[in-house]
Amino acid sequence: MGSRMLMKGNEAVGEAAIRSGCRYYFGYPITPQNELTAYMAKRMPEVGGTFIQAESEIAAINMVYGAAAAGQRAMTSSSGPGISLKQEGISYLAGAELPCFFVNVVRGGPGLGNIAPAQSDYFQATRGGGHGDYRVIVLAPNGVQEMADLTMLGFHLADKYRNPAMVLADGILGQMLEPMEFRRPDFPPLPPKDWAVGNMENRTSRLVSSLFLGEGELEKHNLDLQKKYDKIQAEEVRWEGLMLEDAKVALVAYGTSARIARGAVIQGRAQGLKVGLCRPITVWPFPSQIVGQISENVKNILVVEMSMGQMVEDVRLAVEGRCEVHFYGSTGGGIPAAEEILERVKRLI
Amino acid sequence: MAKAFSRPATFRDVSTNYCPGCGHGIIQRLVAEVVDEMGIRERTIGLPPVGCAVYLDLYLDFDMVQPAHGRTPAVATGLKRALPDHIIIGYEGDGGLAAIGTAEVIHAANRGENITMIFVNNAVYGMTGGQMAPTTLVDQKTATTPLGRNPERDGYPLRLCELLATLDGAAYLVRTTVSSPANVRKTKKAIRKAIEVQMGKLGFSMVEVLSPCPTNWGLNPVDAMKWIEEKMISYFPLGEFKTPEDKNEVLIDDTPKREPKTK
Ligand SMILES: Cc1ncc(C[n+]2csc(CCOP(=O)(O)OP(=O)(O)O)c2C)c(N)n1
Ligand code: SF4
């Protein structure tokens, strides 16, 4: 506790989950997140927890649904192709207001794509991904330390809001080794799980369900969900700014792209370029207000992503035409180059 | 005078949504009777299907968790692992269990999950309007086989008990029907035995019940029962396909087989 150690991102997620009290892990192998599944297979029995290698990602997320309905902290993890399969279950978890935590260690798509790191599942993560009007809390770490910290936060927010929460990582974050420590976050107390099934002594029976067939029932349910999402948007936005005060060009990037963008900002400042960085840590809720404020003070915004342009849509929505929004992306396994970012910044300043 | 027939406490006093002559109501009453007779209501959790019985919680008064269509065995797995001393009863039709959820049921059975599935085989998709199910008989007319099921195009009716009987994790597999009072009594016995197998932590148990859907079969309730006896049973033979006795295992041994390790 409290001592620094070297850890892989995927394993840091696993250990952070266990330290958050998660005792149920259901998974299915897929690169580049296999270290996490293997870590849980080893660790869960040591802490009296349950590890199941499910027959598919569909089964895994539904096992999470079952354990979550019993009031337990449960999780799964995968990469793009598997997360696609989990969408049905995630929609049901959101509809039934069950807390759960999962990780997407993103690889290149579409289809089978490749196993190189990517950020091309941003739409899938932040738009819901499955059917219906729902939201998932999406946390985007930029290194091994945050892989752990945001896992702990993810479990907390999931319970606080009775909602699925996820870490949106990528193959680099999952597999890189960095010094880190497991912190003991000081989260406020959570509400009791007085909706969970089991141990029905001295109470009436409970139903965990996303079915609302009665007249007006679904409308009411969805309006209630929206109120919850509004509250999350108002209270849970997290972001980090770097040298934005006098910036003429603001970079907006998350995760691995933000690490590279940060390097570009430091190099650029050394060359006298007035460039700064806005790094969303929650990509849903997206820091729209912050990006809106930044757009009032800069000439240009450059969004950097390992995709063909997904988060850039959220930036444009937040900017509402107040400044120009440009995009630099990489795809297919390539990562954005700091030099290339700087070249573009020079043109935009 | 003692009352010979009354409503089980677990069976809620509500009017039914099922069509006249439907088998779902009979089967659910049997579940309620067994749960009450065994005194396990407080630690029983049911899983309503996506199908005509989607409102299972309206009829049975214990905790319920509603899964997606066909995912019942996976959700039941998560529930049972989280609440190992509870009795988990999944309830699904042939669309749910034998089509969209085939992978989930095979693997839950293969893992020997200590859960009980009630499998209502009515040879059609009831809720969506009587389409072909995996269990639809050859030549049977449905909304999606207007000229009758043609095995060359549609494949053959799927026998789930026989399929699962090859798996070591499956402890109790039985096929019954509700076509006559005697068969209803046998179905009740089978449900009780399946739950005992679960409580004994002997592995996966499933009761397949051949059940009438007069509405989608285009028959009156009496003829629907006859159709089961005349048409269905010859293809879907009744009986036990796997029992714990095969392995000389004891029923009702409530000591956990998989003691969780605690540190
Ligand atoms: C993923 C998904 N696909 C399709 C449906 C539509 N659907 C609802 S019930 C059902 C079939 C019901 O048939 P069965 O499982 O045999 O139960 P029964 O109604 O006959 O009791 C289908 C296909 C759905 N709800 N979800
Ligand atoms: S459609 Fe068939 S299965 Fe559904 S309630 Fe009516 S008779 Fe029962």
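These protein sequences, in sequence, are chains A and B. Counting from 108, one number per residue, gives the positions in the first sequence under this note's numbering. Counting from 987, one number per residue, gives the positions in the second sequence under this note's numbering. Backbone N, C-alpha and C define an ideal beta-carbon position, used for all residues, glycine too.
message = Excluding the 5 residues flanking Pro-392 (chain A) on each side, which residues of the same chain have their C-beta closer than 7 Å to its C-beta?
response = Locating residue 392 (chain A) in the first sequence gives position 285, where the first residue counts as 1. Counting only Cβ-Cβ distances below 7 Å, and skipping sequence neighbours, we find Ile-339, Gln-340, Glu-343, Val-344.
task = Say whether chain B places a C-beta atom closer than 8 Å to the C-beta of Glu-122 (chain A).
result = For the purposes of this step, residue 122 (chain A) is taken as residue 15 along the first sequence, with counting starting at 1. No, Glu-122 (chain A) does not count as interfacial toward chain B.
message = Cβ closer than 9 Å: which chain A residues qualify as neighbours of Met-1050 (chain B)?
response = The residue labelled residue 1050 (chain B) in the question sits at position 64 within the second sequence. In chain order: Val-304, Ser-312, Arg-313, Leu-314, Val-315, Ser-316.
inquiry  = With a threshold of 8 Å between beta carbons, is Gly-1141 (chain B) in contact with chain D?
reply    = You won't find chain D in this structure, because its protein chains are A and B.
ask   = ligand 1 heavy atoms versus the CB of Ile-1086 (chain B): any closer than 7 Å?
value = Position 100 of the second sequence, counting from 1, holds the residue named residue 1086 (chain B). Under cutoff, so the answer is yes.
query = Using the C-alpha atoms, what's the distance from Ala-1018 (chain B) back to Ser-992 (chain B)?
reply = By 1-based counting over the second sequence, the position of residue 992 (chain B) is 6. By 1-based counting over the second sequence, the position of residue 1018 (chain B) is 32. Cα to Cα, Ser-992 (chain B) sits roughly 12 Å from Ala-1018 (chain B).
request  = Check whether the Cβ atoms of Gly-281 (chain A) and Met-273 (chain A) lie closer than 8 Å to each other.
outcome  = Taking the first residue of the first sequence as 1, we reach residue 281 (chain A) at position 174. Taking the first residue of the first sequence as 1, we reach residue 273 (chain A) at position 166. No. Outside cutoff.
request  = For Ile-279 (chain A), decide whether its Cβ has a neighbour in chain B, counting only Cβ atoms nearer than 8 Å.
outcome  = Mapped onto the first sequence, residue 279 (chain A) falls at position 172. Chain B, which has no Cβ nearer than 8 Å to the Cβ of Ile-279 (chain A), makes this no.
task = Using a threshold of 8 Å, state whether the C-beta atoms of Met-112 (chain A) and Met-307 (chain A) are closer than that.
result = Indexing the first sequence from 1 puts residue 112 (chain A) at position 5. Indexing the first sequence from 1 puts residue 307 (chain A) at position 200. No, Cβ-Cβ distance for Met-112 (chain A) and Met-307 (chain A) is not below 8 Å.
task = Give the interface partners of Ser-163 (chain A) over in chain B, defined as CB-CB distance under 7 Å, in chain order.
result = Start at 1 with the first residue of the first sequence, and residue 163 (chain A) comes out as number 56. Residues of chain B passing the Cβ test: Ala-1089.
request  = Output the boundary residues of the alpha helix (DSSP H) element that contains Phe-230 (chain A).
outcome  = Position 123 of the first sequence holds residue 230 (chain A). Run containing Phe-230 (chain A): 229-233, per the alpha helix (DSSP H) assignment.
key: Residues that Ser-198 (chain A) bridges to, as DSSP identifies them   = The residue given as residue 198 (chain A) occupies position 91 in the first sequence. The partner list for Ser-198 (chain A) (beta bridge, DSSP) is empty, contrary to what the question assumes.
query = From this set, A:Asn-141, A:Ile-388, A:Ala-360, A:Val-419, which residue's C-alpha is nearest Glu-118 (chain A)'s C-alpha?
reply = Locating residue 118 (chain A) in the first sequence gives position 11, counting from the first residue. The candidate whose alpha carbon is nearest that of Glu-118 (chain A) is A:Asn-141.
message = Bridge partners for Trp-391 (chain A) per DSSP, in chain order?
response = The residue given as residue 391 (chain A) occupies position 284 in the first sequence. Looking at the DSSP assignment, Trp-391 (chain A) forms a beta bridge with A:Val-245.
task = Using a Cβ-Cβ cut-off of less than 9 Å, give me the residues of the region 169-185 of chain A that come near chain B, in sequence order.
result = Asn-169, Met-170, Val-171, Tyr-172, Gly-173, Ala-174, Ala-175, Ala-176, Ala-177, Gly-178, Gln-179, Ala-181
ask   = By how many angstroms is the C-alpha of Arg-234 (chain A) removed from the C-alpha of Asn-329 (chain A)?
value = On the first sequence, residue 329 (chain A) is found 222 positions in, with the first residue counted as 1. On the first sequence, residue 234 (chain A) is found 127 positions in, with the first residue counted as 1. Approximately 16 Å between the Cα atoms of the pair.
request  = Measure the alpha-carbon distance for Leu-1065 (chain B) versus Gly-178 (chain A) and round it to whole angstroms.
outcome  = Taking the first residue of the second sequence as 1, we reach residue 1065 (chain B) at position 79. Taking the first residue of the first sequence as 1, we reach residue 178 (chain A) at position 71. Answer to the nearest angstrom: the Cα atoms are 10 Å apart.
ask   = Can you list, in chain order, every residue whose CB sits closer than 5 Å to a heavy atom of ligand 2?
value = B:Tyr-1004, B:Cys-1005, B:Cys-1008, B:Cys-1038, B:Gly-1112, B:Cys-1199, B:Thr-1201
inquiry  = 8 Å is my cut-off, CB to CB: does Thr-1102 (chain B) come that close to chain A?
reply    = Within the second sequence, the letter at position 116 stands for residue 1102 (chain B). No - not a single Cβ of chain A is within 8 Å of the one on Thr-1102 (chain B).
Proximal chain B residues relative to Thr-157 (chain A), where beta-carbon distance stays under 7 Å = Translated into the one-based positions of the first sequence, residue 157 (chain A) becomes position 50. In chain order: Arg-1067.
inquiry  = Whole angstroms are fine: how far does the CA of Lys-453 (chain A) sit from the CA of Leu-384 (chain A)?
reply    = The count along the first sequence starts at 1 and reaches residue 384 (chain A) at position 277. The count along the first sequence starts at 1 and reaches residue 453 (chain A) at position 346. So the alpha carbons of these two residues sit roughly 15 Å apart.
request  = Excluding the 5 residues preceding and the 5 following Glu-285 (chain A) in the sequence, name in chain order all residues of the same chain whose CB lies nearer than 8 Å to its CB.
outcome  = What you label residue 285 (chain A) is simply residue 178 of the first sequence in a count that begins at 1. Closer than 8 Å at Cβ, skipping near neighbours: Leu-113, Met-114, Gly-116, Gly-250, Val-251, Gln-252.
task = Would you mind sorting Asp-1152 (chain B) into buried or exposed? The rule is 16 or more other CB atoms within 10 Å of its CB.
result = In the second sequence, counting from the first residue as 1, residue 1152 (chain B) sits at position 166. In the sequence on display, residue 1152 (chain B) carries Thr and not Asp. Looking at its Cβ environment, which holds fewer than 16 other Cβ atoms inside 10 Å, Thr-1152 (chain B) is exposed.
inquiry  = Tell me whether the region 1225-1235 of chain B and the region 1146-1164 of chain B touch, counting them as touching only if at least three CB pairs, one residue from each stretch, are closer than 8 Å.
reply    = yes
inquiry  = By the DSSP assignment, the beta strand (DSSP E) with Leu-931 (chain B) in it spans what residues?
reply    = Residue numbering for chain B in the displayed model covers 987 to 1249; residue 931 (chain B) lies beyond these limits and cannot be assessed.
ask   = Would you say Met-415 (chain A) faces chain B, with C-beta separation under 8 Å as the test?
value = Looking up residue 415 (chain A) in the first sequence gives position 308. No - not a single Cβ of chain B is within 8 Å of the one on Met-415 (chain A).
inquiry  = Assuming contact is defined by CB atoms lying nearer than 8 Å, are Ile-1104 (chain B) and Ile-1177 (chain B) in contact in what I supplied?
reply    = As a first step, residue 1104 (chain B) is located in the second sequence; it is residue number 118 there, counting from the start. As a first step, residue 1177 (chain B) is located in the second sequence; it is residue number 191 there, counting from the start. Against a cut-off of 8 Å, the Cβ pair of Ile-1177 (chain B) and Ile-1104 (chain B) comes out as a contact.
C-alpha gap between Thr-1063 (chain B) and Thr-1088 (chain B), whole angstroms = Walking along the second sequence from the start, residue 1063 (chain B) turns up at place 77. Walking along the second sequence from the start, residue 1088 (chain B) turns up at place 102. Distance between the alpha carbons of Thr-1063 (chain B) and Thr-1088 (chain B): 15 Å.
query = When DSSP builds the beta bridges, which residues end up paired with Leu-113 (chain A)?
reply = Numbered from its first residue, the first sequence carries residue 113 (chain A) at position 6. In the DSSP output, where bridge partners are listed per residue, Leu-113 (chain A) has A:Pro-286.
message = I'd like to confirm something about Val-1195 (chain B): is its beta-carbon nearer than 7 Å to some heavy atom of ligand 4, or not?
response = This structure does not include ligand 4; its bound ligands are ligand 1 and ligand 2.
inquiry  = What would DSSP say about Leu-280 (chain A), mapped onto helix, strand or coil?
reply    = Residue 280 (chain A) sits at position 173 when you count from the first residue of the first sequence. Reduced to three states, the DSSP call for Leu-280 (chain A) is helix.
task = Give the secondary structure of Cys-129 (chain A) by DSSP, where H, G and I count as helix, E and B as strand, and everything else as coil.
result = Within the first sequence, the letter at position 22 stands for residue 129 (chain A). Three-state result, Cys-129 (chain A): coil.
task = Going by DSSP, name the residue or residues bridged to Ile-1073 (chain B).
result = Position 87 of the second sequence, counted from the first residue, corresponds to residue 1073 (chain B). B:Thr-1030.
inquiry  = Less than 8 Å between the beta carbons of Val-1051 (chain B) and Val-315 (chain A), yes or no?
reply    = As a first step, residue 1051 (chain B) is located in the second sequence; it is residue number 65 there, counting from the start. As a first step, residue 315 (chain A) is located in the first sequence; it is residue number 208 there, counting from the start. Yes, these two residues count as a Cβ contact at 8 Å.
key: Where Arg-180 (chain A) sits in the DSSP three-state scheme   = Start at 1 with the first residue of the first sequence, and residue 180 (chain A) comes out as number 73. Coil at Arg-180 (chain A), not helix or strand.
key: Bridge partners - Ser-67 (chain A), DSSP secondary structure assignment   = Absent from the model: residue 67 (chain A). The displayed extent of chain A is 108 to 456, so no value can be given.
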